[in-house]
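Trainee: What follows is a single structure, and I will ask about it in a moment.
Number of protein chains: 4
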Amino acid sequence: MEKIYFRNDYSEIACPEIIENIQKYSRGHYVGYGEDEICESARNKIKKYLGDADCDIHFLVGGTQANTVMIDAMLKPWEAVASVVSGHINVHEAGSIESVGHRIEPLPEHDGKMDPDELDKLCVVHEFEHMTDIKGVYISQATEVGTVYNKRELLALREVCDKHNLYLFVDGARMGSAMMADGMDLTLRDMARIADCFYIGATKNGGMIGEAMVIVNDELKPCYRRLMKQHGALLAKGFILGIQYDTLFTDDLFFRLARHENEMAMYLKEGMKKLGVKLLFDSVTNQQFPVFENDIVEKLAEKYQFEVWEPGDKETTIRFVCSWATKKEDIDSLLNDIHNLI
Amino acid sequence: MEKIYFRNDYSEIACPEIIENIQKYSRGHYVGYGEDEICESARNKIKKYLGDADCDIHFLVGGTQANTVMIDAMLKPWEAVASVVSGHINVHEAGSIESVGHRIEPLPEHDGKMDPDELDKLCVVHEFEHMTDIKGVYISQATEVGTVYNKRELLALREVCDKHNLYLFVDGARMGSAMMADGMDLTLRDMARIADCFYIGATKNGGMIGEAMVIVNDELKPCYRRLMKQHGALLAKGFILGIQYDTLFTDDLFFRLARHENEMAMYLKEGMKKLGVKLLFDSVTNQQFPVFENDIVEKLAEKYQFEVWEPGDKETTIRFVCSWATKKEDIDSLLNDIHNLI
Amino acid sequence: MEKIYFRNDYSEIACPEIIENIQKYSRGHYVGYGEDEICESARNKIKKYLGDADCDIHFLVGGTQANTVMIDAMLKPWEAVASVVSGHINVHEAGSIESVGHRIEPLPEHDGKMDPDELDKLCVVHEFEHMTDIKGVYISQATEVGTVYNKRELLALREVCDKHNLYLFVDGARMGSAMMADGMDLTLRDMARIADCFYIGATKNGGMIGEAMVIVNDELKPCYRRLMKQHGALLAKGFILGIQYDTLFTDDLFFRLARHENEMAMYLKEGMKKLGVKLLFDSVTNQQFPVFENDIVEKLAEKYQFEVWEPGDKETTIRFVCSWATKKEDIDSLLNDIHNLI
Amino acid sequence: MEKIYFRNDYSEIACPEIIENIQKYSRGHYVGYGEDEICESARNKIKKYLGDADCDIHFLVGGTQANTVMIDAMLKPWEAVASVVSGHINVHEAGSIESVGHRIEPLPEHDGKMDPDELDKLCVVHEFEHMTDIKGVYISQATEVGTVYNKRELLALREVCDKHNLYLFVDGARMGSAMMADGMDLTLRDMARIADCFYIGATKNGGMIGEAMVIVNDELKPCYRRLMKQHGALLAKGFILGIQYDTLFTDDLFFRLARHENEMAMYLKEGMKKLGVKLLFDSVTNQQFPVFENDIVEKLAEKYQFEVWEPGDKETTIRFVCSWATKKEDIDSLLNDIHNLI
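Residue numbers (the working numbering), protein chains in the order written: chain A, 26 to 367; chain B, 26 to 367; chain C, 26 to 367; chain D, 26 to 367.
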C-alpha cells in the first residue's frame, strides 16, 4: 500500500486544470524564450492582482534559480545580502549565492523572521570599509517554518531598507499559502508596493514548474533577461511556464489552491493541538512542525510520508506539509493514528 | 492564417506520447529531486543504449544550464575550456561560463568543427604559466551549423585530449539528429566510449524539457548533484524530467523522432538543391541554411516562420529547422513557393 | 608632538636590516616573478626552519590576498571552508572568499579558536547534498584576539580534518608572535607536519611587505603560480619579497623581532594586570585588549595611538599592539599614565 | 660575467631617489591602508599633472591586479569588456577577468590598437540579448607592441564609447613611455579628459612597485576601496606606495625617467635600422622588436638578456626593453655585436 503523503507540496505533477491546458495547447507552435502570447496573457493576469503595478514579470523554473538570479542582479561585487541564519539561501542552496560572488550576512532568526533593528545595526557596523556593504535584504513569505510577515512587520523592514538604501527581495516559493493565511492583512498588491522584487511560486502551489519574478524597482529591470540567459534560467520553451500562470491566475485558481492547503493544515494543526501535541512553531501556513517521542515517529513513518525536521535523542520534530491535493480524510486518518499512539 | 513553422525545433510543447504520460502520471506522488522511480527507470533505459556503460546520468532542464554546470565541474580556477569560436558557449550564452569564473579559449571553426592539430598547438602555447591551463574541450554534436563529427574525427580529438590530459565534453542538444544523420558511423554507445561526458537533448527532440547529462569519467562524478543544486539546476519535481526520458527511450521513440526530423530536412535540402538554391553549409541534420536574395526572403517570410542566420546587403542566409512535428506537405508547399520565387 | 604608536604592527616601513639590504641589492638586475636567486635563497633558508619539509614556498604581498588564493586553490565550486565567526576572512576581508565563489561556513569562536567537536558536527550536518561540502578549515595562528593553538589543540583539529578529508590552512599573518609566545610548544617544523598549508607573515613582523605561503600537501601544489597570476598576486619584482625573507631568515632575525614584540606586550600586560586593568582576552602575543572607562580612553587617546576594539556605553575595549620597533620606555610611559588615570 | 640586461623594465629594485626616500621615511610611523600623509601628498602631486581633474586616485601593487579590480568595478554580471585579441587581459593574465565573472569580447588588433568601427559593430551585434552587453573598453597606452594612441585615435574611441555608453579604461603600465614618445600629442591631462579611468604605472618606470589608478567618471568612484580590499589590493602599508609616487611626481622625475627609456630605445632602434635589421613593429616607446636569424639570436643570448617574442623556424623576433637604468654604452656594445653578426 502506498503511504499517505505529507512529505512536501511538490510531489504531484500539477493540478488538473494545468494538465488539461498542457494537452489543449499541445497542438500549437509558440515563439521561444517567454516572448509568446501565452506568457503575455499570464503576465497581464498577474498584474491585475498587483494593482496594475508598473512592474516586469519573468518566469523562472525553480526557487534556487530565482533567488540566485535576483540577488546577482541586485548586488555589485562588494555588496552583500542580509538574511536570517535559517534563510533558504543561507542553508539549503549549496552555496549558490556565493557561487556568483556574493556574501550573505547572517542575522538571528525569530520564528523564521528578521528583526528590523538588528538589520539596522548590521548596516551601521558594515559601514566599515573592510567589510561588505549591505545592499540587499532577503526574506521569505511564508518563512521556512511556516510563519508570515504581516503588514506592520513588512513595513518596518521597508523603513530600514529606505534608511540604508537597500533592496527588499521576498522569496515567495510559498507566497500563495502566505497570502491566504488566517488573519493575513497583506495582499499581492501590497507586496508590489512594499517590496522591490519578489516571486510568486507555482511549483509548490499546484503548478508543474515555475516561479514568477515580479520586479517593481526600475533599477533592477534592465537586462534581466540577459542575466537569466547567463544563469541558464531563460527557458527555451517559455510558453510551458506561461501555461502554468495563465491557468493559475484564471478564476482565482492560484488562491483557491492555496486556501485549500491552508485549510487542511489548520485542520491538522487544531486536531494536533486538541490531542496535546507540541508544535515547534506556530505556523499559520501549509507546513506544520509537531514534536513526537521517537518511537511514535517510527510508527507514523510506517503509514505516512513526512520529513524529519530536527532529530533528538528522545523527541523528534517532524514536518507535515499539506498541498492542493491533500484530502481531509487523510488528515482524519493521521489524527486518529496520532490519538492512538500518544 | 498561422504561418508554417520552420523556425526552430522547440516550438511545440511535446510529442503526443509524452503529453499522454504526463496525464497518466498526474495522479501519483513522487519523491523530489530526481530520486524517484520514474527517473530511475529512465536512467536504466538510457544506459541500455550506452552499452551499459558505468556512467552517472543526471536530468537537467536546459542546454545553457547543462553546459555551465558541466564546465564548472571540469575546471579548476586557473583552467580553461577550448571551443571553436562559433561554439554556443562562446557566443550565445551571455557569458555563462565566464560568470562562474572560467575562460573559454577560442579556436577557429571548420564547418562548425574543431581541428585536432589546432587544439594540440593551443595546449602547447598555454603551457606558459601566465596563461590559463587548457583542461576541457567543448564541442557540439551536431554542430551549430548542422554538421557532425564522425568516428574518425571524434577519435582524433580524443587522442589530443589524452595527450594533454583534457576532458572531452559534448553538447548534445541535437544529439538525436546527429546520431540519425545519413552515413553517421557513431552510436550513443560510441559516444560513451570516446567522450568523458555529454548530454542527450530532449527539448529539441520531442520532449517537453530536459537534457540528460551522461558522465563517464569517474573524476567528474562526485558531488555533481550538489553542483546542480548550487546552479539552480536540480529540479524539485525531477520526475517530470524522468517522464520525458522514460517515454523517449521506450520503443526507440527518441530515435524515431530524430529520424523523422532528418528525413524532412533531407527532403527539403534535396528539393532546394534541385532548384539550384545555394546552401551555406552541407548540413546532414535537421537544420538547413539556404541563401536567398533579400526580396525572396521577404516574400517567404509572409507565409513561413524561420530565422535569419546572416543578413547581407543583397543576399541573406536563413535557417529552416525541421522538428518531430514537421509535415511533408508543408515542405512541398515551401519548395513550391521557392520554385515560384526564384 | 607625535603620538606614541600602539596602533598596529604595520606602521613602519621595515626593520633596519631590510632597509639596508634594499639598498645593497639596488644596483643589480633580477629575473622577474619570483624566479630569481634571492627568492631561491630565501626559500632555502625558510625550509631549514621547516625541517626541510617537502614543500613549495611562494611569496605573496598581503594577507587577504594570501587567504583568497589559497582557499580558491583548495575548494571545488560546491565546497566550503569552515572558520570561526571572528575569523579574518569571515569579517574583515570585504567578502573576498565569496568573491571567488566560495562559501565560508561559520563556527562559534572560543577565545578566537575553533572547537574540533563543533567542526566534526558541522561536517556531518553538511553531508546533506543541498548544503555545501566542507573541505577546508581556516584558522589563524595567532588568532585575531592574540591567543594561540598549542600542539594538542592543533592535533585535535588535524584529527577531525583527517576523519573528514579536509585541508587545514593556517593564516600566519602573526605566525612569528605565535611561535615565540610564552609556553608555546609548537615550532614552524611542527606547523609543516600538522597543517596542509600555512603562511609566515613578514608585513607584521618587521618586513616591508610579504607573506610566505608554505604548501605541504602535494594536492595543493600544482599550478599555484598560475592561480597567483590570475589573482594579481604574482609580483613582477618578486625579488623584493625575496629580500624580505632572505633577510628575516638570516641569523634568526624573524624570531628575534617576534620575541621582542612579545616581550614588550607581556611587559605591558603584566603592568596593566598589576594596576588592576581588566583584559578582555588572555592574549599571549603582541596584541593586548584592555577595558577602560570611556573617559580614560579619551585621555589616553591624546597621547597614544591605538584602535578601539569594542565600544560600549560606559566601558570600551581598546587594542594596544607592540611591534619590533616598540620601545620599553614608551610602555613605561603608558603604564604610568594609566596608573595616574585610574 | 653578468649579461647585459635588455630583458624588461622591471628588473631593478627602483631608481636611486626612491631608495633614498625609503631610507629617509624608515624612521616614522604611518597610518595604514593608504590614508597616510605621504599618499595624500602623492595624490595631490599627481592631480597637478591631471589639470586638477575631479578624480579619485588609488595606489595598487601590480598591473593584473589593477586591471581586474577596475574591470570588476565597471561591469554588471551580464556585461563584457572589449579588448583587442593581443590585449594583456586577453592573453597573459591567466584568466583573471573571467575569474571574477566577466567575459572579454575580443576584437582584431592593428599594430596593437583597437579600431573604433570594429568596436562600434561589436556593440551593435551584441544588442542581441543572448549575448553579453558590451559596457567596457580596455586598451593599453603604450600597447603591448610599443605603439601609442594619439589624440585623434583616442577621441575616435571615445566617440564610440559615448554612442554606446561604454567606459573607456586605459592600462597605463607603460604610460610614462607613451606620454614621452616622439611626436606624442597627448598629455596626462588629456588622458583625464578623454578616459573614464586609467592608471599610471610605476613598476616599469623606475618605481619599486605601484600602479596609480585614476578614476575620473563619478559612477566608478563609490566603494572602490572596498573592492580593492576584497581583491587583496588594499596594501596595509599603503605609505610604501605613497613614497613611490611622491618621489616620482616631484621635479618631473617620472617623466625624466620615461624620456631616458625612450631616448635609449630610439637610439637602439635607429642603430638597428641603419644596420638593416627588420623590426616587427614600428614601436615609438621603450620596447623594440627586431627580427634575426635564429643563429644570431643564439649568439646574442650569450652576452645579452632579452625575451623571445615570436620564435620561428628560421627567424625569431626578440624583444629588447630599455629602462630608466639602461646605459648608452650598453646599446653601443649591442649595436656593435649585431653589426658583427649580420
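Backbone N, C-alpha and C fix where the C-beta goes; we use that ideal spot for every residue, glycine too.
Report the residues of the segment 118–144 of chain B with a CB closer than 9 Å to any CB of chain C, ordered along the chain.
Mentor: So the close ones are Val-125, Gly-126.
Trainee: Just list the beta strand (DSSP E) runs in the segment 115–178 of chain A, keeping only unbroken ones of 3 residues or longer that don't cross its boundaries, in chain order.
Mentor: Here the runs fully enclosed are 129–132, 158–165.
Trainee: Tell whether a beta-carbon distance below 9 Å holds between Asp-381(A) and Asn-230(A).
Mentor: This structure does not reach residue 381(A), given that chain A is present from 26 up to 367, and the question cannot be answered.
Trainee: Contact criterion: CB-CB distance below 9 Å. Does Asn-33(D) meet it with respect to chain C?
Mentor: Asn-33(D) counts as touching chain C.
Trainee: In this structure, what does DSSP give as the bridge partners for Val-333(D)?
Mentor: Paired residues: Ile-343(D).
Trainee: Output needed in chain order: residues of the segment 93–112 of chain B with a Cβ under 7 Å from some Cβ in chain D.
Mentor: Under the 7 Å Cβ criterion, the segment 93–112 of chain B contributes Pro-102, Trp-103, Ala-105.
Trainee: Check this for me: beta carbons of Val-302(D) and Glu-340(D), under 9 Å apart or not?
Mentor: No, these two residues do not count as a Cβ contact at 9 Å.
Trainee: Measuring only the C-alpha atoms, how far is Leu-305(A) from Phe-314(A)?
Mentor: Distance between the alpha carbons of Leu-305(A) and Phe-314(A) is about 6 Å.
Trainee: So is Asn-190(D) buried or exposed if we call it buried at 16+ other beta carbons inside 10 Å?
Mentor: Its Cβ having fewer than 16 others within 10 Å, Asn-190(D) is exposed.
Trainee: Suppose you measure from the CA of Gly-259(B) to the CA of Gly-257(A); what does that come to, to the nearest Å?
Mentor: According to the sequence shown, residue 259(B) is Leu rather than Gly. Roughly 12 Å between the two C-alpha positions.
Trainee: Which residues share a DSSP beta bridge with Pro-315(D)?
Mentor: Answer is Leu-304(D).
Trainee: How big is the Cα-Cα spacing for Val-333(C) and Val-322(C)?
Mentor: Near 9 Å, if we compare the C-alpha coordinates of Val-322(C) and Val-333(C).
Trainee: 9 Å is my cut-off, CB to CB: does Asp-79(D) come that close to chain F?
Mentor: Going by chain labels, chain F is absent from the structure shown, which instead holds the protein chains A, B, C and D.
Trainee: Under 9 Å between beta-carbons, which chain C residues line up against Met-289(A)? List them in chain order, please.
Mentor: By Cβ distance, chain C contributes nothing, its closest Cβ being about 26 Å from Met-289(A), past 9 Å.
Trainee: Does the CB of Thr-228(A) have a neighbour CB from chain C at under 9 Å?
Mentor: Answer no: the Cβ-Cβ gap between Thr-228(A) and chain C never drops below 9 Å.
Trainee: Could you name the residues of the same chain whose beta carbon sits closer than 7 Å to that of Arg-32(C), not counting the 5 residues immediately before and after it, in chain order?
Mentor: Around Arg-32(C): Gln-330, Phe-331, Glu-332, Val-346.
Trainee: With C-beta atoms as the reference, is Val-173(D) less than 9 Å away from Ala-206(D)?
Mentor: Taking 9 Å as the Cβ cut-off, Val-173(D) and Ala-206(D) qualify as a contacting pair.
Trainee: What runs of the beta strand (DSSP E), each 3 residues or longer, lie entirely inside the segment 59–122 of chain C?
Mentor: If we require 3 residues or more, the beta strand (DSSP E) runs fully inside the segment 59–122 of chain C come out as 81–85, 104–109.
Trainee: Return no unless some Cβ of chain B is closer than 9 Å to the Cβ of Thr-157(D).
Mentor: Yes, because at least one Cβ of chain B sits closer than 9 Å to the Cβ of Thr-157(D).
Trainee: Which whole-angstrom value is the C-beta distance of Cys-40(C) and Leu-282(C), which I expect to be below 8 Å?
Mentor: Right, their Cβ atoms sit about 6 Å apart.
Trainee: For a quick check, are the C-beta atoms of Ile-63(C) and Gly-267(C) less than 9 Å apart?
Mentor: Yes. Within cutoff.
Trainee: Could you check where the alpha helix (DSSP H) with Asp-34(A) kicks off and where it finishes?
Mentor: Segment: none, Asp-34(A) is in no alpha helix (DSSP H) and carries neither H nor E.
Trainee: Output yes if chain A places a C-beta closer than 9 Å to the C-beta of Leu-252(D); else output no.
Mentor: Yes, its Cβ sits closer than 9 Å to a Cβ of chain A.
Trainee: Among Asn-115(D), Met-253(D), Trp-103(D), which has the Cα closest to the Cα of Phe-153(D)?
Mentor: Per the Cα distances, Trp-103(D).
Trainee: Out of curiosity, what's the CA-to-CA distance linking Met-253(B) and Leu-278(D)?
Mentor: So the two alpha carbons sit approximately 56 Å from each other.
Trainee: For chain D, find out if any of its Cβ atoms is closer than 9 Å to the Cβ of Asp-154(B); answer yes or no.
Mentor: Checking the sequence shown, residue 154(B) turns out to be Glu, not Asp. Taking Cβ atoms only, chain D reaches closer than 9 Å to Glu-154(B), which makes this a yes.
Trainee: Please compile the residues from chain C whose C-beta is within a distance smaller than 8 Å of the C-beta of Val-195(A).
Mentor: Simply none; closest approach about 21 Å.
Trainee: DSSP three-state call for Ala-237(B): helix, strand or coil?
Mentor: Reduced to three states, the DSSP call for Ala-237(B) is strand.
Trainee: With a 10 Å radius around its C-beta and 16 neighbouring C-beta atoms as the bar for buried, classify Asp-97(A) as buried or exposed.
Mentor: Under this definition Asp-97(A) is a buried residue.
Trainee: Determine, using beta carbons only, whether Ala-326(C) comes closer than 9 Å to chain D.
Mentor: It does not: the Cβ of Ala-326(C) has no partner Cβ on chain D nearer than 9 Å.
Trainee: Assign Tyr-55(A) to one of three DSSP states: helix, strand, or coil.
Mentor: Tyr-55(A) falls in the coil class under three-state DSSP.
Trainee: Just list the alpha helix (DSSP H) runs in the segment 219–280 of chain C, keeping only unbroken ones of 4 residues or longer that don't cross its boundaries, in chain order.
Mentor: Complete alpha helix (DSSP H) runs here, min 4: 249–255, 263–273.
Trainee: Taking the alpha helix (DSSP H) that Asp-362(A) falls in, what are its first and last residues?
Mentor: Its alpha helix (DSSP H) spans residues 353–366.
Trainee: Would Ala-326(B) be called buried (16 or more neighbouring beta carbons within 10 Å of its own) or exposed?
Mentor: The residue in question, Ala-326(B), is exposed, as its Cβ has fewer than 16 Cβ neighbours within 10 Å.
Trainee: Among the candidates Asn-311(D), His-151(D), Lys-298(D), Gly-263(D), whose CA atom is the shortest distance from the CA of His-285(D)?
Mentor: Measuring from the Cα of His-285(D), the nearest candidate turns out to be Asn-311(D).
Trainee: Just verifying my parser: in three-state terms, what is the DSSP assignment at Leu-211(C)?
Mentor: Correct three-state label for Leu-211(C): coil.
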